[in-house]
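S.K.:
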Amino acid sequence: MKLTIGEHAGFCFGVRRAVLKAFECAEKQLPCVTLGPLIHNPQEVERLRRAGIRSVETLDEVAPGETVIIRSHGVTPDVYRTCEARGIPVIDATCPHVAHIHQLVEQYSGNGDAVVIVGEADHPEVIGIAGWAHGKVFILPDAQAAEEAELPKKALVVAQTTIRRDRFDSVLQVLRRRVPDLTQRITICAATSQRQQEAEKLSGEADVMVVVGGKNSSNTQKLLETCRLRCKRSILVETPEDVPQNLAKADDRVALTAGASTPQWLLEQVRARIEENAK
472 MKLTIGEHAG FCFGVRRAVL KAFECAEKQL PCVTLGPLIH NPQEVERLRR
522 AGIRSVETLD EVAPGETVII RSHGVTPDVY RTCEARGIPV IDATCPHVAH
572 IHQLVEQYSG NGDAVVIVGE ADHPEVIGIA GWAHGKVFIL PDAQAAEEAE
622 LPKKALVVAQ TTIRRDRFDS VLQVLRRRVP DLTQRITICA ATSQRQQEAE
672 KLSGEADVMV VVGGKNSSNT QKLLETCRLR CKRSILVETP EDVPQNLAKA
722 DDRVALTAGA STPQWLLEQV RARIEENAK
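According to our numbering, the sequence shown is numbered sequentially starting from 472.
(1) Taking the straight line between their C-alpha atoms, what separation do you get for A731 and A592?
(2) Of the choices E676, P513, D531, whose alpha-carbon is the least far from that of I559?
(3) Alpha helix (DSSP H) containing V516: first to last residue?
(4) Under 8 Å from any heavy atom of the ligand GTP, does the C-beta of V527 make it?
(5) Does DSSP put D563 in a helix, in a strand, or in coil?
(6) Given this structure, state the Cα-to-Cα distance separating A696 from Y579, to the nearest angstrom.
(7) Would you call the segment 618-631 and the segment 548-563 in contact, with 3 or more CB pairs under 8 Å?
(8) For R647 and K693, I'd like the C-alpha separation in whole angstroms.
(9) Straight-line CA distance for V682 to P715?
(10) Using 8 Å for Cβ pairs, my map puts T633 next to S689. What's the rounded Cβ distance?
(11) Below 8 Å on the Cβ atoms is my contact criterion, and I expect L738 with G523 to pass it. Report the Cβ-Cβ distance as a whole number of Å.
(12) Within its chain, find whatever has a CB closer than 6 Å to the CB of H573; leave out the 5 residues flanking it on each side and keep chain order.
(13) Going by the beta-carbon positions, is the gap between H544 and C566 smaller than 9 Å?
(14) Among the candidates V679, S705, I588, whose CA atom is the shortest distance from the CA of I659?
(15) Where N748 and K672 are concerned, what is the direct C-alpha to C-alpha distance, given to the nearest angstrom?
(16) Do you know how far the Cα of P548 is from the Cα of G536?
(17) Closest by CA to I610, which one among V642, R724, L575, R666?
(18) In the DSSP assignment, what are the bridge partners of D652?
(19) Are the CB atoms of T691 and T663 within a distance shorter than 9 Å?
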């Protein structure tokens, strides 16, 4: 068996930055909570919990004296206003790329543009982005939704940072035809594009493709979609225990990648389990 590991597998810059900020709080023994799971990886969230950093779903759950860590997905302006009104200290770990989208949305919507977000309506990043708009917001997951929506005459279009480029391009093609005055900003994260391109290459050359990541991670699921287009034997594993005993044959080429929320230690554990099962 030949095992290849993607160079761009694992934590992206924004996630790594957020996790480091959280563990710095733990090391300083600061009473901190994250607003929502810090990242979409249950194993790393549990590691944070053991270090003393718990996750809350609402600001009502924040105890007096606790500091709130804003995760890399970002939040709406209302969250900042509520924290300020209640005197809750904030450590802002919003990914700089996401924060830039917030600025674009606030600026263009303030000038009268509607805002079109290409992404999933229930994703925390998209919810946060939409909150920075002053006017109408359209959230379009795909080209069909773009065809069916009652679109404005003037709009700014941005993308969820983890959306697949081909999906964004298909929506953009419809918008260019249907929105007369369209300003486009390709806000897909470069790390996401690199990871997806690498996954395309690896899965095209592999007999078995393994994607490591949380089952509730949007970018991990999109990686899996990409891999399955080129390698039928593509699987998602969240932990080493998920690796099938009979994953590969002796002469199989196995490739390994991981979502942006997958820690390096977990990727290494999965790699070790694959190699152990091959003996």
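Here a beta-carbon is modelled for each residue, glycine too, at the ideal position from N, C-alpha and C. The structure displayed is predicted, hence computed values, not measured ones.
M.R.: Quick answer:
(1) Computed Cα separation, rounded: 20 Å.
(2) Of the listed residues, the one whose Cα sits closest to I559 is D531.
(3) Residue range 513-521 is occupied by the alpha helix (DSSP H) that includes V516.
(4) Within the structure as shown, the ligand GTP is missing, as the structure has no ligands at all.
(5) DSSP places D563 in the strand class (E or B) of the three-state scheme.
(6) Here residue 696 is Glu; the residue named in the question, Ala, does not match the sequence. So the two alpha carbons sit approximately 33 Å from each other.
(7) No, the segment 618-631 is not in contact with the segment 548-563.
(8) Cα to Cα, the separation comes out at about 25 Å.
(9) Cα to Cα, the separation comes out at about 13 Å.
(10) For a cut-off of 8 Å, the C-beta gap from T633 to S689 is around 5 Å, short enough to register as a contact.
(11) Their Cβ separation, rounded to whole angstroms, is 25 Å, which puts L738 and G523 out of contact at 8 Å.
(12) Apart from sequence neighbours up to five positions away, the residues of its chain that approach H573 with a beta-carbon distance below 6 Å are W603, ordered along the chain.
(13) Going by C-beta atoms, H544 is nearer than 9 Å to C566.
(14) Out of V679, S705, I588, the CA that lies nearest to the CA of I659 is found in I588.
(15) Distance between the alpha carbons of N748 and K672 is about 25 Å.
(16) Between the alpha carbons of G536 and P548 lies a distance of about 22 Å.
(17) Closest option to I610, Cα to Cα, is V642.
(18) Beta-bridge analysis with DSSP links D652 to K625.
(19) Contact flag unset, no.
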